[in-house]
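Enquirer:
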Amino acid sequence: MGETTVNVTVNGRSCEAVVEARLTLADFLRETCHLTGTHLGCEHGVCGACTVLVDGAAVRSCLMFAVQAGGTEVTTIEGIAAPDGELSTVQAAFRDCHGLQCGYCTPGFIVSVTAFLEDNPSPTDQEIREALSGNLCRCTGYQGILNAVHQVTGAARGEEPA
Amino acid sequence: MKPAPFEYHAPTTIADAAGLLADLGDGAKVLAGGQSLIPMLALRLAVFDHLVDVGRIAELHGIERRGDALWVGAGTTEAAVGASVEVASSVPLLAKATPFVGHFQIRNRGTLGGSIAHADPAAEYPAVALALDASMDVVSSRGSRTIAARDFFDGLWSTSMETDELLAGVSFPIWGGRCGFAVEEFARRYGDFALAGVAVAIELDGDDRVRRSALGLIGMGSTPERAVTTEAQLAGQPVTEVDAEEVGRSAVAGLEAVPSDLHGSADYRRQLGAAMVARAWRTASAEARHG
Amino acid sequence: MTVPTAEGSTRYAGARINRVEDARLLSGRGTFVDDVSLPGMLHACFVRSPLPRATIRSIDTKAALAMPGVHAVFTAADLNPDVNEQWHTSVGPEGPETPRPPLAEGEVRFVGDAVALVVAESRYLAEDAVDLVEVDYDPLPAVVDYTTAEQAATLVHESHGSNLIGQMSGLPASALQEVFDSAAHVVGETIYQQAYVPVPMEGRALAVDYSAPTGELTIYSATQAPHEVRLFCSRLLGVPEQKVRVIARDTGGGFGQKIMVQRDEMCIMLAARKVPGPLKWIEDRRENLIAAGQSRHEHAAVKMAFDAEGTIQAAQIDFVSDCGAYPTPWPVSTSSVVGALFPGPYRVPRASFTTKTMYTNTVGRTAYRGPWQFETLAREMLLDIAARQMGIDPMELRRRNLLRRDELPYTNANGMPFDHISPMETFEQALDMLDYPAFRKEQAEARAAGRYLGVGISNYVEPSSPGFGYYATEAATIRVEPSGKVNVYIAGGSTGNSIETTVVQLAADALGVDIEDVATIQGDTAVTGFGAGAAGSRSASMTAGAIRETAAILRERIKAIAAHKLEAAPEDIELGNSRASVRGTPTIGMSLGELARAAYFDPYSLPPGVPAGLEASARYTADTRFVWVNATHLCTCEVDVATGAVKLLRFIVSEDCGPMINPNVVEGQIAGGVVQGIGGVLYEHLAYDEDGNPITTTFMDYLLPTATEVPVIEYGHIETPSPGPGGYKGVGEGGAIGAPPAVVNAVADALAPFGVTVTRLPLGPTQIHALIAGNRG
Ligand SMILES: Cc1cc2nc3c(=O)[nH]c(=O)nc-3n(C[C@H](O)[C@H](O)[C@H](O)COP(=O)(O)OP(=O)(O)OC[C@H]3O[C@@H](n4cnc5c(N)ncnc54)[C@H](O)[C@@H]3O)c2cc1C
Ligand code: FES
Ligand code: FES
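Residue numbers (this note's numbering), protein chains in the order written: chain A, 1 to 162; chain B, 1 to 291; chain C, 1 to 777.
1) If I measure Cβ to Cβ from R123(C) and keep anything under 6 Å in the same chain, skipping five residues before and after, which residues do I get?
2) Check each candidate in G25(B), A286(B) and P5(B) and name the one with the smallest Cα separation from S140(B).
3) Taking just the CA atoms, how far does R440(C) sit from G531(C)?
4) How close, in whole Å, do the beta carbons of V277(B) and V247(B) come, if the pair is a contact with beta carbons under 8 Å?
5) Are R48(C) and G106(C) closer than 7 Å when you measure CB to CB?
6) According to DSSP, simplified to helix, strand and coil, what is Y783(C)?
7) Please name the residues in the stretch 20-33 of chain A whose beta-carbon is closer than 7 Å to at least one beta-carbon of chain B, in chain order.
8) Regarding K29(B) and ligand 1, is the C-beta to nearest heavy atom distance less than 6 Å?
9) How about L403(C): is its Cβ closer than 6 Å to a heavy atom in ligand 1?
10) Relative to chain C, which residues along the stretch 273-288 of chain B have a C-beta separation below 7 Å, given in chain order?
11) For chain B, check one thing: does any of its Cβ atoms lie closer than 7 Å to the Cβ of A195(C)?
12) Which whole-angstrom value describes the C-beta separation of Q271(B) and V59(A), a residue pair presumed to lie in contact below a C-beta threshold of 8 Å?
13) Among all the DSSP beta bridges, which residues are the ones paired with V72(B)?
14) Would L771(C) and V747(C) be called neighbours here (beta carbons separated by less than 7 Å)?
15) Comparing alpha-carbon positions, which option in D208(B), K2(B) and M161(B) lies nearest R142(B)?
16) Under 6 Å Cβ to Cβ from P101(C), same chain only, skipping five residues before and after it: list those, please.
17) What's the call for G469(C), buried or exposed, on a 16-neighbour Cβ count within 10 Å?
18) If you measure between the beta carbons of H88(C) and P329(C), is that distance less than 7 Å?
19) Let me know the alpha helix (DSSP H) ranges lying completely inside the stretch 1-60 of chain B, each 4 residues or longer, listed in chain order.
20) Quick one: give me the first and last residue of the beta strand (DSSP E) that P394(C) is part of.
21) In angstroms with no decimal places, state the Cα-to-Cα distance between A387(C) and V756(C).
22) Return the chain-ordered ranges of every beta strand (DSSP E) run that is complete within the stretch 79-158 of chain C and spans a minimum of 3 residues.
23) Mark G254(B) as exposed unless 16 or more other C-beta atoms lie within 10 angstroms of its C-beta, in which case mark it buried.
24) Of all the options A183(C), D318(C) and L117(C), which has the alpha carbon lying nearest to the alpha carbon of I789(C)?
25) Flag M276(B) as yes when its Cβ comes closer than 6 Å to any non-hydrogen atom of ligand 3, and as no otherwise.
26) Compile a chain-ordered list of the residues in the stretch 695-709 of chain C whose CB is closer than 9 Å to at least one CB of chain D.
27) Whole angstroms is fine: what's the gap from F74(C)'s alpha carbon to G238(C)'s?
28) In chain A, which residues lie less than 7 Å from D53(B) when you measure between Cβ atoms?
29) Closest Cβ-Cβ distance between R48(C) and chain A: below 7 Å?
30) Using only the alpha-carbon positions, how far apart do A291(C) and V363(C) sit?
31) So, is the C-beta of E202(C) closer than 7 Å to a C-beta in chain A?
32) Just confirm the distance between the C-beta atoms of V199(C) and L704(C), as a whole number of angstroms; I'd bet it's less than 8 Å.
33) Name all residues in chain order for which at least one heavy atom of ligand 3 lies closer than 7 Å to the residue's CB.
34) When we look at the beta-carbon of L341(C) and count the other beta-carbons within 10 Å, is it buried (16 or more) or exposed?
35) Contact defined as beta carbons within less than 8 Å: I believe A122(B) pairs with F193(B). What is the distance between those atoms, to the nearest angstrom?
36) Give the DSSP-derived three-state secondary structure of S88(A) in the structure shown.
Below you can see the structure in the form of structure tokens.
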């Protein structure tokens, strides 16, 4: 029932497949595109582990069907670092600040923070916390994650990294 | 946790969408941003044979002034509402409510029309629509009609739209003059649906008397609620003599279906509602007086 | 960043080293179980009971089996007879055990109990088929409330004859009677903690690849203990260990929930041999919240006797816990730890305890980070209540009773032999960091202005790194490759606790090599020696021991070869910077690569008696039964009495985990535990309704703290070495032990003007509202 052809540009590469309409974008990325960096922590929109960029906007890939993403440009965690593997500023800050432990939530945080800082490069602490509140982490107590975002925004303001 | 199978339809015009809804009958459901519907599908709390995705209908998008009202297309994302300069200047209450709607990732997909059609009593937009006496443009293959907000929300997650009807847009009356607006709510965590809250609009006359006010209560019943008795009592009163705490108490006094669950007893929610109304009243009246 | 050593070479232990795990995890290149996809893979989904207790009259699988893409639907009759033996190594074959049928047999015992298992070509299809399996249930009355379970006419397990699983006790209460009768003050309360749970962001997960021709199983598992999965599976299926290989690359958190194999995983292991392809089961969030286990749900009547000055004379706890229908493991002995540790890091001359563990028709109890933490919660709450009743400052009351260094070693009244701890030091350090007098002044001013601030403290002492039975040893294999690069093979089981980085740091130091030259392989039972995994805050101390023992063999061999080649005495050879050189003349030396090449490829050039190659394996056996750890948590908050909201203002942890291998990792572990503790007090509640239906089955209802709910956590470190390897101690669990009472006490302190006594958790806004309303009359 309900198979459709979709064509999505994922991390700059066109990805075309015949999929069931009910296939979520998250499962499309993980299973059809074999990009398993996008994680599923709840599949009902709360944890944020599945966050990807769709046409530049951070969204829950578990709350979108692959068919809805037809014609869009999707960026997953695999598309955040430079092609040679060099970590983005946000990724490097997470590493420097112990912003991850098990790493399961991490792709969602990296993608969300990347999008957030694009829109608001100099946020206040409260704005940072609010922006992070759509992503759950059970390991870090958010301390390292908050420090990482502060490191990035501090650097943007020309401050010494902590 | 995977949705059951369904047939997917992606019309590009309102007319086509209305046609599909008419043809497919009860087994069909409108899919907008999916931020409320997809979780229910994933949990299999809801199963539909057909989803009519209205996300590709250009006519459903847009924010424009239409006479004394601001029209917002149902398909406009919550993020677009929040970013709109027009919304901020013409319907500040809507702008102020937006940051309370979930998280930014949710607002990037969720739509104003989806939120209003979903009619969650704890959601912000339905309460704003009710407070401002917004009107809903509803379309079906049988024709179009306009439903006043007070006739629209008729039960828990339920509206007076028929299953073949599509919400096309919402017109929010623009309040001019010496006005103040505030949204206050309390949620267990930042971004959660409110345990209790309120959207308040106040207009003062030249003598600082309340010309009109509107109190849309969030999460205080099975639908968004309007504190009409309180509003009537406030009309004509000098704003400096109004006791905000008393407004709060009065606004929650007549409520009959205050929810009660693990996260908050009805008693607690009532007190919370009163506190939120008092806070919002103070903020909105100060704004109205001092601009 | 590194720390220079006396020898001049770098020392990595103690430094804030970036983690070796991060590059892959930051870029989406980790390998969690769900990321493993094998040709022909099949997907499993359970049919779960919607009723807390019922007889299964019949199960009709026909419609499900007829669905295209469905390979099998198993019921108890298909899987359960295949069970060969089922017991956890830490409990042993003779241990008292609860029944553990893989699929429910005859009777379902909680909502979520697995009744049938569907195997299909995708998880989507498997869920479709689950909807088609028709189970005819005959509902039975259920035991929902553990506090009345003992008297209930209904039995959860008929065969056990009682809902009381077991009980333990210390001295008889009568032994303390005289002290309580004659004490100047006796303070007692019944303290109650709601159920809250580990909630790793990745649920349980298992993929089993069975090869019929060879009888081999390769299991990809989200586990804290890969070797235990292997041993359990080998016993379950009756196949020798060599036929079972368990691989655990990345695991998305565990916090106790992933230490032991439970019934659902047993089903997957059993079913994998009956289906035509590798079988994968990924627990979804709803399953995790209804079927992965409960924890914390417990209460106790506690009392303490004090003399007129507030000196503790005696302490007594009578503890009861909810263990659900199928606890893992047997919960009775864990409960005794609550009793034994109740006196805490205080001078308590007399103590006794009783514990009871109860069956109910709810999800089974599993381990959760500091499984005995109730002792700290109850004691620290009681001390604050006592301080208020006696009119003594709560900090002063503790200061009078805390153990001082000069009193160590100190065996507590229940026989716990404390040593190498520093309760008074962490306590004073935390109070200094806060500036306690300044806070009290601020609090008084705030109260005058109608704002309610509070401060709460908690002290604990915790046994880490258990040194007995199955947990008492850990093995390492170290290979210096021909290039001089080093590979360390160790059991692992990291679920986020950075064991890879720890191992690399310790091995680099132990062999005097650059950290870039060291790598580690963990979580693969085919190439690592047996180890009990990440449990009991044992990883730091035990891996340090394993590396110490193994590296010692290699150091000796490297020195012997270098001495021979450099014509020096082995005692004069120094290892550092990936070189062996002659003491005093560092220019005379050889790189580890040169030595390794000789060791592997030129064996006849080695000194007599030195074996070829540079690889060694050794097993460390724990030096002590426990490595004791202590800490103080101190928290301030503001309560908004109009909304019941609690805002945490400062959170200070002063801990003594001995010398820190990597302060980032230590602080990360503390922060994670603290926020779980904060969640447990203020947000989280795994709740059932009166009929036994779980009502917090999604993340919309089970509320984890987010970045907007947590304060900045400030750390103070006291480093008292343990007698174990490197002086290291465990730090994985403590945060979750110390945080809850600090938060509760802070809230209670803020509400003191209302005359409120807090004895029940959680403290959500609705409960705070009720507390204030109740006392306003
Ligand atoms: C984690 C999380 C937190 C959230 N927090 C909040 C919050 O705090 N406050 C809040 O208000 N919301 C919250 N939401 C919900 C969010 O705002 C949704 O986006 C919104 O309620 C529904 O909009 P949608 O466009 O996603 O609609 P959908 O989910 O696509 O649809 C919702 C319902 O509306 C119907 N519908 C949609 N569009 C139309 C139309 N044009 N005509 C007729 N029927 C239509 C659908 O058939 C469906 O029944 C949250 C969601 C999540 C996942
Ligand atoms: S998996 Fe999408 S939000 Fe949790
Ligand atoms: S690092 Fe484990 S959940 Fe965030």
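Cβ atoms here follow ideal geometry from the backbone N, Cα and C, with glycine treated the same way.
Expert: Reading from the atomic positions:
1) H43.
2) With respect to the C-alpha of S140(B), the residue from G25(B), A286(B) and P5(B) having the closest C-alpha is G25(B).
3) Taking the straight line joining both Cα atoms gives about 49 Å.
4) About 6 Å separates the two Cβ atoms, so the contact holds.
5) Going by C-beta atoms, R48(C) is not nearer than 7 Å to G106(C).
6) Beyond the ends of chain C as shown, which are 1 and 777, falls residue 783(C); an answer cannot be given.
7) Listed in sequence order: E20, A21 and R22.
8) Yes, the beta carbon of K29(B) sits closer than 6 Å to at least one heavy atom of ligand 1.
9) Every heavy atom of ligand 1 is 6 Å or more from the Cβ of L403(C), so no.
10) So the list reads A275, given in the order they occur along the chain.
11) Residue contact check for A195(C) against chain B: no CB pair falls below 7 Å.
12) With a Cβ gap of about 37 Å, Q271(B) and V59(A) do not count as contacting.
13) Bridge partners of V72(B): I63(B) and V170(B).
14) Taking 7 Å as the Cβ cut-off, L771(C) and V747(C) do not qualify as a contacting pair.
15) The shortest Cα separation from R142(B) among D208(B), K2(B) and M161(B) belongs to M161(B).
16) Closer than 6 Å at the Cβ level, and outside the excluded window around P101(C), lie N80.
17) Per the 10 Å Cβ criterion, exposed.
18) Less than 7 Å separates the beta-carbon of H88(C) from that of P329(C).
19) Complete alpha helix (DSSP H) runs here, min 4: 14-24 and 37-42.
20) P394(C) -> not in any beta strand (DSSP E); alpha helix (DSSP H) instead, spanning P394 to N401.
21) Going by the C-alpha atoms only, they are around 14 Å apart.
22) Taking only runs of at least 3 residues, the beta strand (DSSP E) segments lying wholly in the stretch 79-158 of chain C are 114-120 and 134-139.
23) If you draw a 10 Å sphere on the C-beta of G254(B), you find fewer than 16 other C-beta atoms in it, and that means exposed.
24) Because chain C spans 1 through 777 in this model, residue 789(C) falls outside it and cannot be assessed.
25) Not so, every heavy atom of ligand 3 lies at least 6 Å from the Cβ.
26) In the structure shown, chain D cannot be found, because the protein chains are A, B and C.
27) Their Cα atoms are separated by approximately 20 Å.
28) Neighbours of D53(B) on chain A, chain order: Q68.
29) Not an interface residue.
30) C-alpha separation (whole angstroms): 6 Å.
31) For E202(C), the nearest beta carbon of chain A is closer than 7 Å to its own beta carbon.
32) Taking C-beta atoms under 8 Å as the contact rule, V199(C) and L704(C) qualify, at a distance of about 6 Å.
33) Every residue passing the under-7 Å Cβ criterion appears here: L100(A), Q101(A), C102(A), G103(A), Y104(A), C105(A), T106(A), C137(A), R138(A), C139(A), T140(A), M201(C), G252(C), G253(C) and G496(C).
34) Around the beta-carbon of L341(C), 16 or more other beta-carbon atoms lie within 10 Å, marking it buried.
35) 4 Å between Cβ atoms; contact.
36) Collapsing the DSSP output to three states places S88(A) in coil.
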